[in-house]
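Residue numbers (my numbering): 170 to 888. Read the structure below first, then the notes.
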């Protein structure tokens with residue numbers, strides 16, 4: 170990590186950075202103004218395609234880059250994409266030679282032509298490379314149907330086309346969720362049953378959804394991301410560091426639910442059962458989840474079942490799925506096959522395989538078509554089991570069903586980094602500035618979207634991942650929703666503290682999200698914790714996207730926000746996966762972990778004192794509200810258990826439209842699933858669900874009932 174002396178950014182460099190959406194200063198979570206170092210700004214600009222770090226005459230290079238940015242749009246007839254909002258008057262520019270006529274029309278995705286009306290535009294012509302270019306403007310009808318349309322422009326011998334996306338003004342969460350829905354929040358891998366192969370799977374998720382919907386009246390179940398991990402060992406443990414966000418992880422397949430499993434020969438089925446036996450034995454221990462062992466057994470099983478073949482009708486279904494998913498599925502499956510052959514880091518592959526469109530990759534596809542088809546088949550199986558899981562949730566009475574989770578980004582050596590390299594930035598990674606989770610800041614190692622390149626691609630990669638994840642989901646949680654507005658970019662080698670924010674076109678990002686969610690009939694929740702300016706929450710609320718409230722963090726001017734003042738359009742919960750379960754948090758586990766790992770920048774005694782003060786402040790509020798008995802002794806396990814229930818009563822008493830209950834909370838688990846800012850220092854994302862003593866808790870045990878189950882559920886079911 171390099172320490173920097175923050176030098177004042179040159180005014181011209183500051184203007185250039187602003188044109189690229191790069192911040193040269195920001196306000197931190199504590200409200201303090203922070204200046205960004207010149208080194209950081211230059212490194213981020215380099216990642217955006219303008220490298221000024223080694224030029225001899227930097228002022229001249231900055232001026233040239235600024236001029237190129239000024240003329241960028243004037244050099245084209247149409248913008249690469251137009252994202253409009255239904256009910257809002259908008260227009261689109263068309264650049265033509267000065268004095269030339271211009272015409273524009275739209276072909277809707279239903280095949281209807283709509284001619285656009287030209288409106289006044291008083292912008293003067295501009296000299297572009299020796300040719301004077303004028304600008305015409307055309308009104309986009311505010312009542313244009315929702316969808317992905319094509320915009321056409323013509324002028325004499327010139328013509329151009331671009332995507333025109335008409336998005337809804339607002340989602341309607343009331344129509345989906347009504348006044349109040351509650352649901353369990355769980356990590357699927359940690360939610361095991363006696364039949365699991367050492368890891369929770371989609372059959373277990375369907376069981377949880379059916380039981381909680383039918384017996385407890387739950388309206389949803391919120392899960393961790395199911396994005397795909399590398400198909401070879403070592404398997405990445407973090408669901409928030411996937412190789413792709415579009416496709417899913419076959420490790421979550423329930424082998425016995427694959428239709429062709431029943432068609433196997435008796436000897437083959439017995440062999441698979443023998444492979445599953447030691448993994449099922451792991452379910453009965455508190456040992457960490459061993460994804461490598463699980464994947465080794467499941468990958469072998471998938472090969473056996475795939476090789477058994479498909480019936481004609483099943484083959485038609487599979488072919489239809491592959492056709493629907495198109496080149497994205499083919500590229501992902503190709504990457505998986507190449508990873509099995511050459512290792513999962515494309516930087517170590519031959520240069521001939523560096524791009525998905527290279528002749529060598531095409532030759533690989535032909536030579537290894539069966540292996541590629543196997544990986545496509547696994548995605549089809551995931552699609553089918555996800556559909557069955559959502560159906561089970563809805564059949565159980567859930568109005569939302571499965572609520573999926575969308576991670577911020579992808580692994581730097583993953584499938585998306587290979588297949589979508591044209592729209593991802595290099596030399597930087599996504600992270601977070603110093604905040605409540607980690608006082609040192611965070612570097613998540615993930616390459617971010619390039620805002621300019623994403624727009625040039627018409628936002629199609631973004632659309633495709635949303636469509637896939639929403640196929641069988643009734644809701645979608647957007648992790649770090651601020652990333653639709655801006656992301657914290659960390660230049661390589663500079664450390665998480667020395668990053669800066671890069672701005673995105675949030676109107677386009679949110680509009681497309683709303684369009685795809687509305688088409689899927691899904692509710693959307695944005696994780697808007699941390700350094701989020703009030704206007705961001707206003708924008709999300711205006712578009713019908715729910716926010717997030719975690720009880721421990723909900724404060725106004727330093728004091729706990731009165732329960733009556735909590736927002737309505739939120740998903741509220743006592744805790745979150747980046748904190749220990751409530752039983753652990755009440756016992757200062759969040760401080761103990763950070764102290765043991767050296768993540769505190771203050772004296773540990775101060776942190777413990779602050780934790781005790783927060784706990785006592787909440788206890789006073791709970792007692793005043795009548796949720797906690799006056800004589801509850803918080804120095805005893807019984808008193809802390811009573812406080813855990815009282816905290817859920819408090820959250821349940823608010824106006825929150827959605828209320829989440831951690832499944833780990835109802836079993837009294839104390840171990841954290843994740844410690845932000847760590848990788849191997851803590852067993853992140855490997856902790857199975859356990860009781861307060863660390864004994865494994867299986868799904869059957871939860872369904873049978875725990876002392877905390879009914880009190881916590883009753884606390885949040887109604888206001």
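Glycine is no exception: its CB is placed at the ideal position from the N, C-alpha and C atoms.
{"Query": "Could you spell out the range, first to last residue, of the alpha helix (DSSP H) harbouring residue 511?", "Result": "481–511"}
{"Query": "Would DSSP call residue 741 helix, strand or coil?", "Result": "strand"}
{"Query": "When the Cα atoms are used, what is the spatial distance from residue 331 to residue 547?", "Result": "35 Å"}
{"Query": "Check whether the stretch 335–348 touches the stretch 672–688, counting contact only when three or more Cβ pairs, one atom from each stretch, lie closer than 8 Å.", "Result": "yes"}
{"Query": "Should residue 832 be counted as a contact of the ligand MN given a C-beta to heavy atom distance under 6 Å?", "Result": "Ligands are entirely absent from the displayed structure, and the ligand MN is therefore not among its contents."}
{"Query": "On the CB-based measure, 16 or more other CB atoms within 10 Å of its CB, does residue 532 come out buried or exposed?", "Result": "exposed"}
{"Query": "At a Cβ threshold of 7 Å, is residue 609 touching chain D?", "Result": "Chain labels in this structure do not include chain D; a single protein chain is all it has."}
{"Query": "How is the alpha helix (DSSP H) around residue 754 delimited, first residue to last?", "Result": "751–754"}
{"Query": "Okay, do the stretch 553–568 and the stretch 368–375 touch, 3+ Cβ pairs below 8 Å being the bar?", "Result": "yes"}
{"Query": "Which class does residue 722 belong to by DSSP, given the choice of helix, strand or coil?", "Result": "helix"}
{"Query": "I need the DSSP call for residue 328, collapsed to helix, strand or coil.", "Result": "strand"}
{"Query": "Identify whether residue 444 lies in helix, strand or coil by the three-state DSSP scheme.", "Result": "helix"}
{"Query": "Check this for me: beta carbons of residue 154 and residue 417, under 7 Å apart or not?", "Result": "Residue coverage of the chain in this structure runs from 170 to 888, which leaves residue 154 outside it and unanswerable."}
{"Query": "So, at 8 Å on beta carbons, what are the nonlocal neighbours of residue 401 in its own chain, with the 5 sequence-adjacent residues on each side left out?", "Result": "508, 509, 512 and 513"}
{"Query": "Grab me the residues of residue 171's own chain with a C-beta within less than 6 Å of its C-beta, minus the 5 sequence neighbours each way, in chain order.", "Result": "Reliability of the predicted coordinates at residue 171 is poor, the pLDDT of 48 falling under 50, and no value is obtained from them."}
{"Query": "With a cut-off of 8 Å, do at least 3 Cβ pairs link the stretch 609–622 to the stretch 521–541?", "Result": "no"}
{"Query": "Does residue 357 come out as helix, strand or coil in the three-state DSSP assignment?", "Result": "helix"}
{"Query": "Out of 438, 694 and 621, state which residue places its alpha-carbon closest to the alpha-carbon of residue 644.", "Result": "694"}
{"Query": "Using only alpha-carbon positions, find the residue among 866, 310 and 706 that is nearest to residue 839.", "Result": "866"}
{"Query": "On the three-state DSSP scale, how would you describe residue 286?", "Result": "strand"}
{"Query": "Rank 197, 210 and 200 by C-alpha distance to the C-alpha of residue 184 and give the top, closest one.", "Result": "210"}
{"Query": "Restricting to runs no shorter than 3 residues, where is the beta strand (DSSP E) found entirely within the stretch 677–715?", "Result": "692–695"}
{"Query": "Within 10 angstroms of the Cβ of residue 871, are there 16 or more other Cβ atoms? Answer buried if so, exposed if not.", "Result": "buried"}
{"Query": "Mind checking which residues open and close the beta strand (DSSP E) that includes residue 821?", "Result": "Note, residue 821: premise wrong, no beta strand (DSSP E); alpha helix (DSSP H) at 806–821."}
{"Query": "Give the DSSP bridge partners of residue 670, in chain order.", "Result": "657"}
{"Query": "For a quick check, are the C-beta atoms of residue 738 and residue 715 less than 7 Å apart?", "Result": "yes"}
{"Query": "Compare the Cα-Cα distances from residue 240 to each of 298, 268 and 228 and report the closest residue.", "Result": "298"}
{"Query": "Which residues bound the alpha helix (DSSP H) around residue 554?", "Result": "538–564"}
{"Query": "Excluding the 5 residues flanking residue 304 on each side, which residues of the same chain have their C-beta closer than 6 Å to its C-beta?", "Result": "262, 264, 290 and 292"}
{"Query": "Say whether the stretch 624–643 touches the stretch 215–232, bearing in mind that this needs 3 or more beta-carbon pairs closer than 8 Å, one atom from each stretch.", "Result": "no"}
{"Query": "Any idea what DSSP makes of residue 333, helix, strand or coil?", "Result": "strand"}
{"Query": "Taking the beta carbon of residue 467 as the centre, do at least 16 other beta carbons fall within 10 Å, making it buried, or is it exposed?", "Result": "buried"}
{"Query": "Could you say which of 454, 476 and 403 lies nearest to residue 430 if we only look at CA atoms?", "Result": "476"}
{"Query": "Can you tell which of 286, 754, 186 and 248 has the C-alpha that lies nearest to the C-alpha of residue 232?", "Result": "186"}
{"Query": "Just the Cα atoms here: how many angstroms apart are residue 780 and residue 786?", "Result": "10 Å"}
{"Query": "Going by DSSP in three states, residue 376 sits in which element: helix, strand or coil?", "Result": "helix"}
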